[in-house]
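Residue numbers (the numbering used here), protein chains in the order written: chain A, 1 to 291; chain B, 1 to 548; chain C, 1 to 321; chain D, 1 to 614.
Positions of the beta carbon are idealized from the N, C-alpha and C atoms, including for glycine.
Just below is one structure, and these are the notes that go with it.
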Amino acid sequence: MSATAELAGAQPAATPVGRRPRLLVRSLRTPGGAVGAGLSLLLVAAGLLAPLLAPTDPFAVDGPPLTAPSGAYPFGTDALGRDLLSGVIYGARTSLIVAASVAAMVIVIGTTVGLWAGYFGGWVDDALMRITELFQVLPRFFMALVVIAFFGPGLDRLVLLLGVTSWPLLARVIRVEVLALRHREFVEAARVHGASRTRILLREILPNALPPGIALLGLVVAQVILIEASLGFLGLGDPNVTSWGTLASEAQRFLRVAWWLSLFPGLAILLAVLGLNLLGDAVTDALTGRR
Amino acid sequence: MAARRLVALAGAAALLLTACAGSDNEGNETRPDARSSGAPAKGGTLSVALDSDPGALNPAITTSGGTHTASELVFSGLVELTPKLEQVPELAESWEVLENGALYRFNLRNGVTWHDGKPFTSADVKHTFDTMLLKLHSRTAASVGAALSSITTPDPDTVEFRFKQPYAPLLQQLDVTEAPILPKHLYEGTDVAKNPANNKPVGTGPFKLVSYTPGSELRFTANREYFKKDLPYLDEVVMRVIPDKGNQVVALEAGEVDWLFGTPGPDLPRLKSSGKYDFITTPLNPGGSNCIMTVSFNLDRPLFQDVRLRRALGTALDRDQFVDRVLFGQGRVAEAPISSGIPFAHASGLKGMPEFDRAEAERLLDEAGWKRQGGGTRTSAGVAGVPDGTPLAFGFTHFPTFSAYAQLLRAQLTSVGADVMLQPLEPPVFADTVFKARNFDTNIISYCNGVDPEIGVKRMYVTSNIGPVPFSNSSAYRNPEVDKLFEDARTTVDPKARTQIYRTLQEKLVQDLPYLWIVETEANRVFPNTCKGFTPSGHFAEAASCTT
Amino acid sequence: MTRRYVVRRLLQLGPTAAAILLVGFLLIHLAPGDPVLALAGENGDAEYYAFVREKFGLDEPLPTQLATYAGNVLRGDLGTSYVLGRPVSDVIAERLPATLLLTGTALVFSTVAGVAIGVFSATRRRRWPDVTVTLATLAMYSAPVFLLGQLAILLLALRAGWFPVQGMTDARSSATGLSHVLDVGHHLVLPALALAAQEVAAVSRLSRVGLLDELRRDHIRTARAKGVPERTVVLSHALRRALLPVVTVLGGRTGQLVAGAVVVEVVFGWPGIGRLLVTAMQARDAPVVLGVFLLVAVTVVVANLLTDLLYAWLDPRVRYR
Amino acid sequence: MRAAGATPLLSVRDLVVEFHARSGVVRAVDGIDLDVHPGETLGVVGESGSGKTVSMLAAVGLLPAAPYCTVRGQVLLNGRDLLTLSTRDLRALRGREIGMIFQDPMTSLHPSFRVVDQVAEALLVHDSALADRQARTRALELLERVGVARPDRRVRDYPHQWSGGMRQRAMIAIAIANDPPLLIADEPTTALDVTIQAQILDVLRRARDELGAAAVLITHDLGVVAELADRVSVLQSGRVVESATVEEVFAAPRHPHTITLLDALPRLDRPLAERRPVAEAPPVLEVEDVAVHYANPGGGVVRAVDGVSLSLLPGETLGLVGESGCGKSTLARTIVRLVDPQAGRVRFGGRDITRARGRALRGVRRALAMVFQDPYASLNPRMTVGEIVAAPLRIAGCYRSSGGRRRVAELLDMVRLDPASADRLPSDFSGGQRQRVGIARALALSPRVLVLDEPVSSLDVSIQAQVVGLLDQLQRELGLTYLFISHDLSLVRQISDRVAVMYLGKIVELGTREQVYERPTHPYTQSLLAAVPSPHPERRSSRTLLVGEVADPTDPPSGCRFRTRCAKAAPECAEEVPALVVREGSDHPSACHFASTAPPGSPAGTSGSTPDAG
């Protein structure tokens with residue numbers, strides 16, 4: 001098999017032997033996991049509560065242009081006189097929307113493909129893996145670039161594209177897990193008792209195959225946020241929603257005169273991605289009993 | 001060693017040069033002070049930043065700004081336009097306007113040779129016009145092409161342009177930008193678009209192309225046989241492609257480039273205060289000259305057919321904010337539909353241009369039947385052609401590069417209860433959507449008026465110019481009177497009369513408000529003050545020199 | 001390694017490439033907007049459009065266009081650029097070296113540096129150097145490329161003045177020979193670093209984890225029991241297999257790098273494929289975009305193939321699967 | 001010969017090993033003292049977790065460094081304290097003065113290096129003067145010495161191409177490469193089949209004697225100790241509870257733990273507990289000429305089961321013994337319909353279930369249950385014990401009707417588990433307890449037949465005894481019929497009414513346990529029995545070793561499949577496949593042309609092996 005999980009490592013993590021319960025709790029106990037969860041939570045909170053948290057509408061021009069961070073404008077204002085703090089908060093909302101919806105798509109597609117390929121094997125596996133490989137080969141960022149440039153900016157198509165192109169990693173990991181689990185004795189036990197295929201897949205295999213996938217998801221989503229930002233940076237963001245990438249790209253022109261315009265959106269991206277990565281790592285570690 | 005020989009010559013040349021240098025600096029708003037006087041140094045390489053890769057280097061078959069900025073050093077026009085738009089001889093030594101403006105005769109300069117050594121003749125001029133300019137150079141084709149009846153070459157040194165009716169603006173359209181002359185002997189009988197010379201241009205201009213590395217750089221070397229005496233001073237010009245304006249400034253400050261065609265507003269104050277740089281403020285943009293950022297209304301849509309709404313929106317726009325926060329002072333609020341850069345046509349002190357007054361705007365909107373429900377978006381109540389309860393929401397289409405305008409406009413209109421959706425579209429898509437599909441509510445376009453209303457103004461208003469052609473009458477404004485007035489203006493040769501016609505025209509336009517004229521934009525060429533002798537465009541480096 | 005294995009992997013190339021071709025073609029030709037306008041620029045007139053349209057065969061139905069296109073591609077003809085009026089293959093060929101240089105350097109650098117860092121921190125597991133390095137790499141991994149690029153320009157180029165900020169060569173010197181090479185090298189440093197940063201992080205994290213897993217294995221204990229010096233244990237016994245996960249992602253990483261190159265080339269004015277793509281997309285120069293798309297995709301496919309072969313070489317058991 | 005020299009070669013004093021986990025400090029080794037005199041072999045015995053392995057790894061500094069664990073005490077080798085040695089010195093001494101052999105030959109060799117090179121490396125690291133070529137030649141000699149046939153033909157081989165036995169031989173070659181005065185063998189044969197175990201033990205013994213080296217033999221198997229050790233130290237939870245000569249320990253164990261271990265140890269020589277006679281009745285389960293073939297990923301067809309016939313009488317226990325890869329597990333899976341046979345049929349209660357589907361199959365599923373080998377892999381880690389036990393009921397759709405949680409509690413109680421533990425996850429249970437859960441699950445639908453596939457092989461002997469006891473009891477209480485599959489002959493002997501011996505997909509001998517164990521007629525059965533280490537230090541094996549290893553199942557020998565390893569092998573064995581029939585002079589069926597109770601004469605080559613390509 002070719003390229004596997006960038007960060008999830010190659011070998012199956014599912015050696016559920018003697019694993020203690022409450023995986024998440026355990027991953028959160030590590031400093032990395034705690035910080036990661038904290039940051040991720042911050043992202044979610046900011047995203048959901050943006051209208052309450054943000055001082056002003058992110059598009060409203062009601063401040064002096066290019067004012068450095070101050071009491072009145074904690075993150076300063078941009079050239080048009082818009083409050084950057086509000087921008088960054090609403091940016092979180094955008095990142096959250098993208099991240100969440102892509103994650104949803106990835107889970108659905110990735111899990112299904114992974115389960116089927118792993119469980120049925122044979123030509124089903126071959127076919128699915130070819131497709132997976134194909135999708136994996138298409139450089140996501142590049143695809144997004146072309147699609148947005150041609151169909152015009154917009155979260156909907158971005159989410160759609162990223163969702164459709166981001167699942168292979170998950171599918172591969174799940175597949176590896178399923179392959180490892182398929183002939184586990186507890187699965188055979190279920191079959192001996194005449195369990196239906198559905199029950200075996202959903203009740204016996206999935207719960208054991210999913211966690212490593214979920215851990216990986218954090219990393220995938222992190223990448224997605226980065227891509228969204230980079231697109232925004234190339235000026236391909238949706239102008240009707242505030243996005244960190246767009247803020248950053250508008251800031252480029254002011255790099256020398258208004259450092260804060262680049263700093264805060266950049267920081268926001270970094271922290272959000274960092275958080276998700278930390279969280280993903282922590283869970284992966286807890287799963288594979290690393291550290 | 002070549003350089004050394006030139007240095008030897010320098011002393012001898014010095015005297016003659018001051019004059020030229022001086023005259024060339026005429027147009028500089030910010031005059032390089034003492035430093036610019038004295039003998040220009042000879043030799044050296046000038047490094048120039050380009051916004052984008054020119055792609056091709058044939059200025060006669062496109063109006064693409066990239067191609068022109070990169071290739072005009074190589075070519076010449078019959079006439080040269082000074083920054084003040086006076087016509088001075090270039091390939092044409094002199095000319096006469098006959099038959100009250102229906103016939104122009106040009107006497108060509110003798111002994112001019114192409115970079116490949118072949119002599120330049122009237123045949124080259126005719127061939128260039130017939131096979132390229134009148135076919136593929138969209139501006140010239142659209143204006144001159146429409147009016148011209150024939151070009152004749154009585155002898156190798158003479159060219160005659162004959163028009164169906166008197167044609168006033170011709171002399172403004174013969175410079176290297178609007179009508180560069182290309183060598184017949186390289187293009188005759190070939191497929192123009194595919195001709196290799198398009199990437200290895202051969203011209204009569206001050207510099208010869210040495211190498212072109214697409215996407216990276218172009219290198220030019222001085223044309224020592226240039227027909228203007230002792231020009232150019234520089235040995236070499238190198239053009240680097242640096243897409244990001246911010247990075248251009250960075251490169252300038254790092255000393256990697258010596259000339260930017262435009263200075264990003266945010267950096268302007270810093271660069272100015274640094275005292276290391278000189279500037280040439282000019283109305284010339286790559287797209288053309290005397291450009292006005294203009295908002296169009298799609299008059300085919302019921303929503304915008306009520307002039308009161310258009311005026312209300314116009315009144316809601318604080319155009320000073322555009323000058324301060326988008327242009328950073330590189331431009332001025334537009335006082336009239338025609339740019340102040342065309343003095344004889346610009347109507348100063350025009351009555352009825354919408355002026356910013358939020359309260360007034362709110363009042364007008366209420367009056368027009370757009371009522372506020374609470375703080376949010378206004379909705380219609382008894383607006384003709386609009387079902388009641390329709391929210392005052394519309395799209396605003398623009399080039400991605402104009403997003404700052406779009407965002408400021410959105411903010412300003414939102415505050416009077418309009419809901420604006422931005423639709424940034426890359427130029428080709430924009431042209432497609434706006435002019436062919438006409439699928440837009442409002443948009444913003446940088447309409448470049450050019451040096452004569454005939455070139456860049458008329459196209460915006462005449463009924464005949466509605467339709468698929470990009471950057472035509474975007475609002476689809478239909479007014480027979482206006483069409484008539486433009487027709488008169490074209491055929492009237494007496495300047496005074498023309499001025500009067502254009503004034504009446506503009507009065508009509510501000511009544512109807514088919515467009516909102518926001519700001520006149522200008523660019524600041526910037527260069528280290530160790531260099532001097534630039535002109536804003538065309539042969540901008542023809543008489544440039546740097547001391548290091 | 002068994003021939004059967006190589007052949008099988010080779011055969012898988014065909015369909016993948018075909019699919020890529022189709023995807024790219026449809027993507028671009030079904031998109032809104034009319035390529036012809038890229039040629040006409042502003043103010044073209046109607047018959048001129050017609051002339052162009054006919055000249056570039058844009059009236060043909062899509063399937064026909066695809067058929068002709070596919071045929072041409074197989075003959076190495078990627079069509080003609082609308083904007084530049086020149087063969088796409090030429091246009092790409094001109095830009096390719098720059099990008100190859102950039103991504104190649106980044107790939108090699110990120111792999112070498114990444115593994116080195118990974119070994120460094122794995123062998124100091126959970127002591128402060130490890131912790132610091134892990135955090136640093138994670139931060140690097142999380143930072144958007146453009147941010148790193150701009151920081152590099154500001155600090156290392158402008159403030160410190162150690163490196164040039166733009167382009168691939170010094171504008172004024174048209175140097176040749178060695179000095180030219182040095183000049184390019186000098187210009188290469190920052191873009192390569194910015195591009196490599198994320199990959200360095202990825203690789204180091206991967207090799208660290210891989211090494212830690214590997215060092216726990218029985219055969220490592222055997223090696224130590226033999227009395228093999230710890231150095232050899234780590235660098236020969238453990239690293240060899242710890243690199244497997246690193247190898248498996250090589251292919252994917254080339255894809256990431258090429259994509260990252262787009263941003264980096266824009267930031268650093270590097271005259272490569274990335275910038276060609278961006279400009280081509282803005283001009284809707286479909287043949288060029290499609291050409292670049294194909295090139296990138298095929299590169300990644302091949303990279304993945306090589307990856308697998310390399311993998312098989314590192315892990316003898318694979319060949320017999 | 002075993003004269004206990006005054007000064008011990010290796011002397012461990014008050015060794016303490018502590019692991020620092022998040023949960024706290026775990027004291028794995030709690031102050032043990034051990035002495036190994038030159039030329040002497042010390043057996044270190046204990047159950048899993050008794051600290052036997054940890055203490056030895058600690059002694060030679062192969063445990064992870066601080067802060068994960070701390071080692072205190074003294075480990076004197078020729079008077080030098082290994083614990084105080086610098087890492088460099090310690091390293092220089094490993095492999096040169098101490099050779100080590102580890103438990104799992106499958107993982108102990110580096111998968112990406114050639115075997116020969118790995119042996120050669122052991123030489124090179126300690127002799128910089130040595131040239132690679134010489135090293136390789138020496139390596140080949142070493143491999144020859146440990147009984148690898150024609151190693152020169154295998155210079156290019158990677159470990160995965162070698163069988164477990166051969167890999168273990170390679171490990172031994174590595175260990176003895178530098179003629180170390182001390183060998184440490186950690187469970188050297190636990191992962192191996194009994195016949196291979198015998199071979200390896202033999203190799204080990206000879207290696208040791210040739211070097212005149214002292215040895216530490218870490219094992220849980222008293223039999224192995226009896227075979228090899230001079231003195232024994234019994235460990236329990238990190239302490240040495242008894243230390244004596246091997247004879248003393250077996251003759252007169254003093255410490256209770258030692259006694260438990262000895263009692264729990266299933267052995268061939270213990271008088272058989274009387275079993276209730278099986279009531280005459282039609283067989284509940286019949287297997288007729290079943291054959292299972294599947295494609296081998298490496299190419300070829302594996303004839304895992306190749307024409308096997310068996311029948312189970314109600315209430316009896318049929319023991320099925322054979323070495324790994326003989327097809328016994330495949331047969332079990334076929335019977336419970338996890339695998340579909342290519343040929344033959346399976347009858348249950350007279351009905352043919354070979355192709356049963358739908359309702360018919362569900363009926364069978366209720367009456368025919370299975371208990372799996374690995375108590376860790378056989379329970380879904382994400383289900384509570386209650387859910388696991390209830391699963392069959394839910395699947396059969398009779399959870400409610402059967403009484404729901406009450407039924408679950410009842411089942412747990414039946415296997416002596418606290419019903420309250422129903423809400424806990426398998427990870428909270430020990431191996432023995434998990435196996436009980438597995439049994440409870442199997443009993444959920446009150447089946448008539450249980451197929452037990454190596455149900456206790458992964459458990460410590462003391463636990464084994466308990467589980468086996470439980471099974472015995474359940475059989476009596478519920479009148480169950482068992483098909484008991486195991487590689488452990490002593491165990492099978494202990495609980496079976498009848499025994500079937502399987503080799504390479506065929507049954508080679510079948511009879512009551514008395515017949516099979518006391519009057520074996522098939523050479524294979526005889527060698528198997530002979531190979532079992534007997535816990536009788538006084539009479540050490542004058543026994544015959546079975547040659548080589550199980551042949552390649554994708555390409556079994558013609559005629560009698562056992563002939564390649566058989567001492568009685570004669571030409572006709574290659575021609576004709578011996579039928580499983582009662583031959584004269586014997587009272588039970590056996591698939592050998594020369595079936596007779598006479599033990600086979602000593603075979604030609606003492607060792608040497610047939611390759612089985614990985």
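Count the other C-beta atoms from every protein chain shown that fall within 10 angstroms of the C-beta of D/G319, then say buried if there are 16 or more, exposed otherwise.
-> The residue you call residue 319 of chain D lines up with position 319 of the fourth sequence. With 16 or more Cβ atoms within 10 Å of its Cβ, D/G319 is classed as buried.
Is it true that the segment 404–419 of chain B meets the segment 353–373 of chain B, where meeting means three or more beta-carbon pairs spaced less than 8 Å apart?
-> yes
Quick one: any contact between the segment 190–206 of chain B and the segment 458–474 of chain B, if contact means 3 or more CB pairs under 8 Å?
-> no
What residue ranges within the segment 430–497 of chain B form continuous alpha helix (DSSP H) runs of no fewer than 4 residues, ordered along the chain?
-> 453–456, 458–461, 480–491
Beta-carbon contacts of B/K200 that lie in its chain and below 7 Å, excluding the five residues immediately before and after = Residue mapping note: residue 200 of chain B aligns to position 200 of the second sequence, counting from 1. L209.
Terminal residues of the beta strand (DSSP E) in which B/K208 lies = Walking along the second sequence from the start, residue 208 of chain B turns up at place 208. That run of the beta strand (DSSP E) goes 207–213.
Taking one C-beta from the segment 420–434 of chain B and one from the segment 389–404 of chain B each time, how about it: are there three or more such pairs within less than 8 Å?
-> yes
Does DSSP put B/A393 in a helix, in a strand, or in coil?
-> The residue you call residue 393 of chain B lines up with position 393 of the second sequence. Of the three classes helix, strand and coil, the one that applies to B/A393 here is strand, per DSSP.
Using alpha carbons as the reference points, say which of B/R363, B/H115, B/D278 lies closest to B/G533.
-> Your numbering for residue 533 of chain B matches position 533 in the second sequence. Looking at the Cα atoms, B/D278 is the closest of the given residues.
State the beta-bridge partners of B/A92 as determined by DSSP.
-> Counting from one through the second sequence, the residue named residue 92 of chain B turns up at place 92. Answer is B/L108, bridged to B/A92.
Taking the alpha-carbon positions, what's the B/T62 to B/A141 distance?
-> The count along the second sequence starts at 1 and reaches residue 62 of chain B at position 62. The count along the second sequence starts at 1 and reaches residue 141 of chain B at position 141. About 10 Å.
Could you list which residues in chain B have their beta carbon closer than 7 Å to that of A/L255, in chain order?
-> As a first step, residue 255 of chain A is located in the first sequence; it is residue number 255 there, counting from the start. Result: G246.
Residue closest to A/P168, alpha-carbon to alpha-carbon, out of A/R203, A/G114, A/L267, A/A190 | In the first sequence, residue 168 of chain A corresponds to position 168, counting from 1. Per the Cα distances, A/G114.
Leaving out the 5 sequence neighbours to the left and right, which residues in its chain are closer than 6 Å to D/G325 when beta-carbon positions are compared?
-> Within the fourth sequence, the letter at position 325 stands for residue 325 of chain D. V550.
Using the rule of at least 16 other Cβ atoms within 10 Å of the residue's Cβ for burial, across every protein chain shown, is B/T315 buried or exposed?
-> What you label residue 315 of chain B is simply residue 315 of the second sequence in a count that begins at 1. Counting Cβ neighbours within 10 Å, B/T315 comes out buried, since at least 16 surround it.
Measuring alpha carbon to alpha carbon, tell me which of C/A106, C/G167, C/L306, C/L244 ends up nearest C/L13.
-> Position 13 of the third sequence, counted from the first residue, corresponds to residue 13 of chain C. Taking only the C-alpha atoms, the option nearest C/L13 is C/L306.
Length of the line joining the Cα atoms of D/V116 and D/G164 = Within the fourth sequence, numbered from 1, the residue matching residue 116 of chain D stands at position 116. Within the fourth sequence, numbered from 1, the residue matching residue 164 of chain D stands at position 164. Their backbone Cα atoms lie some 16 Å apart in a straight line.
Can at least three beta-carbon pairs, one atom from the segment 257–266 of chain C and one from the segment 151–158 of chain D, be found at a separation below 8 Å?
-> no
Chain-ordered chain B contacts of C/P164 [CB-CB under 8 Å] | Here residue 164 of chain C corresponds to residue number 164 of the third sequence, with the count starting at 1. Near C/P164 (Cβ distances below 8 Å), the residues of chain B are A254, E256.
At which residues does the alpha helix (DSSP H) containing D/C326 begin and terminate?
-> Translated into positions along the fourth sequence, residue 326 of chain D becomes position 326. No alpha helix (DSSP H) contains D/C326, which DSSP labels as neither H nor E.
Does the Cβ-Cβ distance between D/L77 and D/V216 come in under 8 Å?
-> On the fourth sequence, position 77 is the one that residue 77 of chain D refers to. On the fourth sequence, position 216 is the one that residue 216 of chain D refers to. Not a contact, by the Cβ cut-off of 8 Å.
Return the residue from the list C/Q282, C/I20, C/L11, C/V258 that minimises the CA-CA distance to C/V145.
-> For the purposes of this step, residue 145 of chain C is identified with residue 145 of the third sequence, where counting begins at 1. Comparing Cα-Cα distances from C/V145 to each of C/Q282, C/I20, C/L11, C/V258, the minimum goes to C/V258.
Using alpha carbons as the reference points, say which of C/R75, C/R9, C/L138, C/H219 lies closest to C/S121.
-> As a working mapping, residue 121 of chain C is identified with position 121 in the third sequence. Measuring from the Cα of C/S121, the nearest candidate turns out to be C/L138.
Thinking just about the alpha-carbon of each residue, which of B/V144, B/D419, B/K436 is nearest to the one in B/T491?
-> Counting from one through the second sequence, the residue named residue 491 of chain B turns up at place 491. Measuring from the Cα of B/T491, the nearest candidate turns out to be B/V144.
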